[in-house]
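*Asks:* Quick one: this structure, given as structure tokens, is what I'll be asking you about.
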Amino acid sequence: MSSTSVSRILVDPAGLRAAPLNPPVSKSDAQRALVLGHLTGAWPLPSVQAEPDEDLPADVRVLRRGVEALRQPPGPVRDVDCADGGAPFRILVTQAAVTPGVHVRFTGTPRLGERPHGPLFTSLRDALASAGLSLTEGTPWPVELRAPQNTSAVAPVFRVPGAQSSQYASSLLLGCAALYLREHRAWSVEIEGPLTSAGYLELTVTWLKRFGFVIQESPSRYTVAGYTAPPRVPSLPGDWSSLGYLLLISWKAGGTVERADTGSAHPDDAILRLIEQVGLKAVPAGSLHTLKVEGRLSGGLRASGKECPDLLPTLAALACILPAPSTLTDVGILRVKESDRLEGIRSLVAAYGGTTDLQGETLEIRPPATPPARFEMDSRGDHRLAMTAATLCVLSGTPLLLTGPECVEKSFPGFWRQLERSGALISGAQ
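Under the working numbering, the first residue of the sequence shown is numbered 26, with each subsequent residue one higher.
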């Protein structure tokens, strides 16, 4: 179905059937690979070109358009609309800052403007202002940036706090790659304090190495110190954030999931380990990168937002049908996503009849004694909340009335088609 044509849908899990389910290309991997393909001359990136545009996550399309704007010949200001893409915006701001002489005007949604970007802006100004960087902020838009023509006289280091988001450090490290290629001197990112979602920075490091960069690492410092062109352009895996929903749906329907590369280095492959806490296990199912989830549910689960924040909504859906309470820790990071996902999770649990208890950074989820006959959920324009609600619908066998289903375009445009493939009935609702 086309989820952009309706504002409310009814999802009925009746008639589930075993079917192979496919995730989209990994949003996180594709964003990093697109930038590195641009920097190293592998443009357009073959793995992205091979994907139908309608199946590409919206954030990947946003970042691709932004890179294309930066690749234009010198000229007037380039306008880049980042829509609701936090990672594309942060990555593109740094790439603009290290593209000699470029003048870019960034815009985005009000929610993107509310999200925290200050530490990244401060890091860029501290490192490059003496070379001529100008970065001004609207209220919240536009963000206007003029890059210096030459950065060879500044100290080759970015310093940034790690507590709010690893995206700042990832963005700056990709900027270091651009500066290394231009200046042929090592550039570093120094991280101050503990790093949130460290797995995503490790994913950035992995992609830099795949594209031929030499990375020197210490606990708080990452340095781009060399480059040798790789023999081939790396290919892109399936998206592990999306695979989290599909693995649970396929378990309920008795099917399989494809494009599940367990060697992809994406932090959300933690789903494989986390579901083992409650009696489930993903096993190979025939062809390469195909998995089947087996087992019976038991107990409750525990997961941390420091390790895999994008999985917490998915795990909250699973927690609603477990026989014992579950605990999510380090949940504060969820408040600054595309929506306040912490409150979104609590609303979902309440809609399904369960209860939550929030104490500081720890959320306990208690499943209901008796599930409702039907439940309703507003996606709040957040792709992960929409797909989480649909996953709970399938897991529980309880029909869902969902407002705002079109937001799945951000990361998984084909989600509703995959759900229909598994036998769920999806119809527009007034």
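Beta carbons are placed, not taken as given, at the ideal position from N, Cα and C, and that holds for glycine.
Let me check one thing: in DSSP terms, what residues is residue 36 bridge-paired to?
*Replies:* Counted from its first residue, the sequence shown places residue 36 at position 11. Per DSSP, 425 and 451.
*Asks:* Buried or exposed, going by whether 16 or more other CB atoms sit within 10 Å of the CB of residue 382?
*Replies:* Position 357 of the sequence shown, counted from the first residue, corresponds to residue 382. Classification of residue 382: exposed, given that the 10 Å Cβ count is below 16.
*Asks:* Looking at the structure shown, is residue 314 part of a helix, part of a strand, or coil, going by DSSP?
*Replies:* The count along the sequence shown starts at 1 and reaches residue 314 at position 289. Residue 314 falls in the coil class under three-state DSSP.
*Asks:* For residue 275 versus residue 46, is the C-beta spacing smaller than 7 Å?
*Replies:* By 1-based counting over the sequence shown, the position of residue 275 is 250. By 1-based counting over the sequence shown, the position of residue 46 is 21. Cβ atoms of residue 275 and residue 46: closer than 7 Å.
*Asks:* In angstroms, rounded to a whole number, what distance separates the CA positions of residue 210 and residue 156?
*Replies:* What you label residue 210 is simply residue 185 of the sequence shown in a count that begins at 1. What you label residue 156 is simply residue 131 of the sequence shown in a count that begins at 1. Computed Cα separation, rounded: 16 Å.
*Asks:* Whole angstroms are fine: how far does the CA of residue 143 sit from the CA of residue 349?
*Replies:* Stepping through the sequence shown from its first residue, residue 349 is reached at position 324. Stepping through the sequence shown from its first residue, residue 143 is reached at position 118. Going from the Cα of residue 349 to the Cα of residue 143 covers about 41 Å.
*Asks:* Which of the three DSSP states, helix, strand or coil, is assigned to residue 353?
*Replies:* Against the sequence shown, residue 353 aligns to sequence position 328. Strand, per DSSP.
*Asks:* Under 7 Å Cβ to Cβ from residue 397, same chain only, skipping five residues before and after it: list those, please.
*Replies:* Mapped onto the sequence shown, residue 397 falls at position 372. So the qualifying residues of the chain are 377, 378 and 423.
*Asks:* Are three or more beta carbon pairs between the segment 332-343 and the segment 401-416 nearer than 8 Å?
*Replies:* As far as the Cβ criterion goes, the segment 332-343 touches the segment 401-416, which means the pair count is three or higher.
*Asks:* Round the Cβ separation of residue 115 and residue 193 to the nearest angstrom and send it over; I've been treating them as touching at under 8 Å.
*Replies:* In the sequence shown, the residue the question calls residue 115 occupies position 90. In the sequence shown, the residue the question calls residue 193 occupies position 168. The Cβ separation is near 7 Å, so the contact holds.
*Asks:* Over what stretch of residues does the beta strand (DSSP E) that includes residue 212 continue unbroken?
*Replies:* Residue numbering aside, residue 212 sits at position 187 when the sequence shown is read from its first letter. That run of the beta strand (DSSP E) goes 212-217.
*Asks:* Note down, one range per segment and in chain order, each alpha helix (DSSP H) of at least 4 residues found wholly within the segment 351-433.
*Replies:* You should have 366-376 and 408-421.
*Asks:* Go through its chain and collect everything with a Cβ distance to residue 352's Cβ below 6 Å, but skip five positions before and after it.
*Replies:* Here residue 352 corresponds to residue number 327 of the sequence shown, with the count starting at 1. Correct list, in chain order: 327 and 389.
*Asks:* DSSP three-state call for residue 128: helix, strand or coil?
*Replies:* Here residue 128 is taken as the residue at index 103 of the sequence shown, counted from 1. Note: residue 128 maps to strand in three-state DSSP.
*Asks:* Taking the alpha carbon of residue 251 as the point to measure from, which residue in 417, 368, 241 and 365 has its own alpha carbon closest?
*Replies:* For this step, residue 251 is matched to residue 226 along the sequence shown. If we check each option's Cα against that of residue 251, 241 comes out closest.
*Asks:* Residues in its own chain within less than 7 Å of residue 439 by CB, not counting five upstream and five downstream?
*Replies:* On the sequence shown, position 414 is the one that residue 439 refers to. Here the set comprises 49 and 80.
*Asks:* Determine the closest residue to residue 346 out of 320, 374 and 365, with distance taken between C-alpha atoms.
*Replies:* Here residue 346 is taken as the residue at index 321 of the sequence shown, counted from 1. Cα-wise, what sits closest to residue 346 is 374.
*Asks:* Residues in its own chain within less than 6 Å of residue 387 by CB, not counting five upstream and five downstream?
*Replies:* Taking the first residue of the sequence shown as 1, we reach residue 387 at position 362. 354.
*Asks:* Short of 7 Å in beta carbon distance, which residues of its chain neighbour residue 223, apart from the five on each side in sequence? Order them along the chain.
*Replies:* Start at 1 with the first residue of the sequence shown, and residue 223 comes out as number 198. Counting only Cβ-Cβ distances below 7 Å, and skipping sequence neighbours, we find 191.
*Asks:* Roughly how many whole angstroms lie between the Cα atoms of residue 150 and residue 183?
*Replies:* Here residue 150 is taken as the residue at index 125 of the sequence shown, counted from 1. Here residue 183 is taken as the residue at index 158 of the sequence shown, counted from 1. Going from the Cα of residue 150 to the Cα of residue 183 covers about 9 Å.
*Asks:* What is the DSSP secondary structure of residue 240, counted as helix, strand or coil?
*Replies:* Position 215 of the sequence shown, counted from the first residue, corresponds to residue 240. Reduced to three states, the DSSP call for residue 240 is strand.
*Asks:* Based on Cα-Cα distance, which residue from 245, 360, 265 and 160 lies nearest to residue 213?
*Replies:* Sequence index remark: in the sequence shown, residue 213 carries index 188 (1-based). Cα-wise, what sits closest to residue 213 is 245.
*Asks:* Report the rounded CA-to-CA distance for residue 200 versus residue 61, giving the unit in angstroms.
*Replies:* Here residue 200 corresponds to residue number 175 of the sequence shown, with the count starting at 1. Here residue 61 corresponds to residue number 36 of the sequence shown, with the count starting at 1. In a straight line, the C-alpha of residue 200 is about 10 Å away from that of residue 61.
*Asks:* Can you give the beta carbon distance from residue 44 to residue 446, rounded, assuming they're within the 8 Å contact cut?
*Replies:* Walking along the sequence shown from the start, residue 44 turns up at place 19. Walking along the sequence shown from the start, residue 446 turns up at place 421. About 5 Å; that satisfies the 8 Å criterion.
*Asks:* So is the beta-carbon of residue 297 under 6 Å away from any non-hydrogen atom of the ligand ATP?
*Replies:* This structure lacks the ligand ATP; in fact it carries no ligand of any kind.
*Asks:* Are the beta-carbon atoms belonging to residue 121 and residue 58 less than 7 Å from one another?
*Replies:* Along the sequence shown, one-based indexing puts residue 121 at 96. Along the sequence shown, one-based indexing puts residue 58 at 33. Not closer than 7 Å, so no.
*Asks:* Evaluate contact between the segment 287-305 and the segment 219-233, counting only Cβ atoms and requiring at least three cross-stretch pairs below 8 Å.
*Replies:* Short answer: they touch.
*Asks:* Straight-line CA distance for residue 111 to residue 117?
*Replies:* Working through the sequence shown from its first residue, we reach residue 111 at position 86. Working through the sequence shown from its first residue, we reach residue 117 at position 92. Rounded to the nearest angstrom, the two C-alpha atoms are 10 Å apart.
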